Ligand code: DQQ
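Residue numbers (our numbering): 851 to 1422.
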């Protein structure tokens, strides 16, 4: 047995060596941990209104959709432990995207074409209200292939059971198509072209070039690979979980994924395996060439626009035809070591679903938490317009600070103390880590201290700084986790980004959704988002406080401040 194994391995390497099949490690599996259950899961950092299963590991959102008025959410899940492995598509449904009913896993390894894993994929609603999934299966040779599954019983409103086609796999790497067999995954929602053919893209790479491989089909079963990808970009590495969708240039309404034409731009989002960042470009979908062309100035790669400048990955949108909006889901991982989250007994949360649309400038997207989340708001606290002097801290009391939603706006009327922007400061995250909340500036840092302990031994600071640039003021937004916990172990990387607002003409707004171990912040009315995971030891439950602060020398005005305690959502 041992000898035949060795023989198989060498035979396999031979194939790889000759370029017949290309396989390489793509997901790190820790076989000791993937099925390890802790004696009793640690509940301290569990969230109250973010989506998460009762225990175990969760990663990417899969196949979100609305079907007959009910929202369906599927996700990558390990039923046996809190580390990545044994992956199935877990399933929950909801009437409001806030409260959820769990169901049995919809798809799990059961056939040759997915025996080693049911990885990410998307839902498409075919004409006649027929939902289907395209998803990545890992086959007995550890090759990534694309499969289809359909509901077993269309009259079940919960669509609990799904069946796989005997024709699976529908798309696979071969020696002819030269697809990299370990970098071929995560089919998008398909879109229908005017020629009556469906299109789908699948994430891949050739050497260091990221690829969105395009396939076409007339019947959704027989798929033909197009000669060229929909898009590709050198030096970006593996593209995971692509998402491709239209946006309106005239209003905030969402559009069905197959819409093309006047008044429509397209968005291509990619998840960079190398950096674990989701970036997007805005551009034009050229139907005649079946190619996507990013607008000039819309940059491919890690320095491009991101949905979220903190932790947020493998995201996916769907068109919600009940509310005529496009809704974005994204996975927010732990900032703990694998050993620590295995001990905790669970890992991963989903960001609050966000509505997403094109900004008025047409140059970026805007995101805002779905309006339904506001029904969890209770005990509203408002503050009249207040001056926040340089060097001051102002407690926002009356809300449960560990489980809250807070909206604050700042008005700046005096700019002459703003520090001068050095043109070499092109990396906002680095700038935020060099100029954290404790570094005094001219105009800023000012913002919120969330999940803060009574004597500020612990806090997460979400704030703005304003610099005097060459011909305009530059606004920086940061989320500084360096003091978020007395525990040394969690990753406390500081995050940051520039915000495209003119502080002379506009207020600076900040909204933070605070939920025990997650802080999701929206700056500039949703022009930028930063999500972070934090693990306070003192600022937990009743020990958590919320403050507005200004550590600059120049005073600013709080023009609006409303905060709410958040009720618990029914999730698991
Ligand atoms: N997670 C899935 C893959 C995908 C990756 C496996 C992204 O399909 O590429 O769990 O997080």
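For each residue, glycine too, the CB sits at the ideal point set by N, CA and C. Computed from a prediction, not measured in an experiment: that's the story for all the values here.
inquiry  = Pop quiz: residue 1223 and residue 1383 are said to be a contact at Cβ under 8 Å. What is the actual Cβ separation, rounded to whole angstroms?
reply    = For the purposes of this step, residue 1223 is identified with residue 373 of the chain shown, where counting begins at 1. For the purposes of this step, residue 1383 is identified with residue 533 of the chain shown, where counting begins at 1. So it is not a contact: roughly 19 Å between Cβ atoms.
request  = Return the CA-CA distance between residue 1046 and residue 1332, expressed in angstroms with no decimal places.
outcome  = Locating residue 1046 in the chain shown gives position 196, where the first residue counts as 1. Locating residue 1332 in the chain shown gives position 482, where the first residue counts as 1. The alpha-carbon atoms of residue 1046 and residue 1332 are separated by roughly 54 Å.
ask   = If you draw a straight line from the C-alpha of residue 982 to the C-alpha of residue 1001, how long is it?
value = The residue given as residue 982 occupies position 132 in the chain shown. The residue given as residue 1001 occupies position 151 in the chain shown. Going from the Cα of residue 982 to the Cα of residue 1001 covers about 7 Å.
ask   = Just to confirm, does residue 910 get its C-beta within under 7 Å of one of the non-hydrogen atoms of the ligand DQQ?
value = Position 60 of the chain shown, counted from the first residue, corresponds to residue 910. Indeed, a heavy atom of the ligand DQQ lies less than 7 Å from the Cβ.
message = Here's a check: name, in chain order, each residue in its chain whose Cβ is nearer than 6 Å to the Cβ of residue 974, leaving out the five neighbours to either side.
response = In the chain shown, the residue the question calls residue 974 occupies position 124. Contacts found: 982, 1039 and 1040.
ask   = Of the residues 1135, 1379, 1200 and 1268, which one's Cα is nearest the Cα of residue 950?
value = Residue numbering aside, residue 950 sits at position 100 when the chain shown is read from its first letter. With distances taken between Cα atoms, residue 950 lies closest to 1200.
Distance between beta carbons of residue 1313 and residue 1328, contact taken as under 8 Å = Against the chain shown, residue 1328 aligns to sequence position 478. Against the chain shown, residue 1313 aligns to sequence position 463. With a Cβ gap of about 6 Å, residue 1328 and residue 1313 count as contacting.
ask   = Are residue 1216 and residue 1055 touching if we call contact CB-CB under 8 Å?
value = Within the chain shown, residue 1216 is the residue found at index 366, counting from 1. Within the chain shown, residue 1055 is the residue found at index 205, counting from 1. No; because the gap between Cβ atoms is not below 8 Å, this pair is not in contact.
query = Is it the case that the CB of residue 937 approaches a heavy atom of the ligand DQQ more closely than 7 Å?
reply = The residue given as residue 937 occupies position 87 in the chain shown. Within the cutoff, so yes.
key: Sequence-distant residues of its chain with Cβ nearer than 8 Å to residue 1062 (five each side left out)   = The count along the chain shown starts at 1 and reaches residue 1062 at position 212. For residue 1062, where only same-chain residues beyond five positions count, the Cβ hits under 8 Å are 1051, 1052, 1053, 1054, 1079, 1080, 1081, 1082, 1089, 1092, 1094, 1118, 1120 and 1142.
ask   = Cβ of residue 1164 within 7 Å of any heavy atom in the ligand DQQ?
value = Start at 1 with the first residue of the chain shown, and residue 1164 comes out as number 314. Residue 1164 Cβ: within cutoff of the ligand DQQ.
task = Have a look at residue 1156 and residue 1148 and give me their C-alpha separation to the nearest angstrom.
result = Counted from its first residue, the chain shown places residue 1156 at position 306. Counted from its first residue, the chain shown places residue 1148 at position 298. For residue 1156 and residue 1148, the distance between alpha carbons rounds to 11 Å.
inquiry  = On the DSSP letters alone, give me the boundaries of the beta strand (DSSP E) that residue 1365 sits inside.
reply    = Residue mapping note: residue 1365 aligns to position 515 of the chain shown, counting from 1. Run containing residue 1365: 1358-1365, per the beta strand (DSSP E) assignment.
key: Between the CA atoms of residue 926 and residue 884 - distance to the nearest angstrom   = Here residue 884 refers to the residue found at position 34 when the chain shown is read from its first residue. Here residue 926 refers to the residue found at position 76 when the chain shown is read from its first residue. So the alpha carbons of these two residues sit roughly 14 Å apart.
task = For residue 1379, verify whether its CB is less than 7 Å away from any heavy atom of the ligand DQQ.
result = For the purposes of this step, residue 1379 is taken as residue 529 along the chain shown, with counting starting at 1. No; taking the cut-off as 7 Å, the Cβ of residue 1379 has no heavy atom of the ligand DQQ nearer than that.
task = Just list the alpha helix (DSSP H) runs in the segment 1252-1305, keeping only unbroken ones of 4 residues or longer that don't cross its boundaries, in chain order.
result = 1278-1284
query = Going by the CB atoms, is the gap between residue 1205 and residue 1479 shorter than 8 Å?
reply = The requested residue 1479 is not part of the displayed model; the chain covers only 851 to 1422.
ask   = Who pairs with residue 1233 in a beta bridge, going by DSSP?
value = Here residue 1233 refers to the residue found at position 383 of the chain shown. Residue 1233 is bridged to 1411.
C-beta contact flag for residue 1287 and residue 1394 at 8 Å = As a first step, residue 1287 must be located in the chain shown, where it is residue number 437. As a first step, residue 1394 must be located in the chain shown, where it is residue number 544. No, Cβ-Cβ distance for residue 1287 and residue 1394 is not below 8 Å.
Whether residue 1359 touches residue 1368 by CB criterion (8 Å) = As a first step, residue 1359 is located in the chain shown; it is residue number 509 there, counting from the start. As a first step, residue 1368 is located in the chain shown; it is residue number 518 there, counting from the start. No, Cβ-Cβ distance for residue 1359 and residue 1368 is not below 8 Å.
query = Which of the three DSSP states, helix, strand or coil, is assigned to residue 1191?
reply = Locating residue 1191 in the chain shown gives position 341, where the first residue counts as 1. Reduced to three states, the DSSP call for residue 1191 is helix.
query = Quick check: the segment 1095-1113 against the segment 1018-1035, are there 3 or more CB pairs under 8 Å?
reply = no
key: Residues bridged to residue 1179 [DSSP beta-bridge criterion]   = Within the chain shown, residue 1179 is the residue found at index 329, counting from 1. Answer is 1166.
key: Any beta strand (DSSP E) of 3 or more consecutive residues that is wholly inside the segment 978-1049   = 980-988, 994-1001 and 1012-1014
inquiry  = Quick test of your reading: residue 1084 and residue 1059, contact by CB under 8 Å. State the CB separation rounded to the nearest angstrom.
reply    = By 1-based counting over the chain shown, the position of residue 1084 is 234. By 1-based counting over the chain shown, the position of residue 1059 is 209. Confirmed, Cβ separation roughly 5 Å.
query = DSSP on residue 1370, reduced to helix/strand/coil?
reply = Within the chain shown, numbered from 1, the residue matching residue 1370 stands at position 520. Three-state DSSP puts residue 1370 in a strand.
inquiry  = Using C-beta distances below 6 Å, list every residue in its chain close to residue 1410, excluding the 5 sequence neighbours before and after it, in chain order.
reply    = Against the chain shown, residue 1410 aligns to sequence position 560. Within the same chain, residue 1410 has close Cβ partners 1259.
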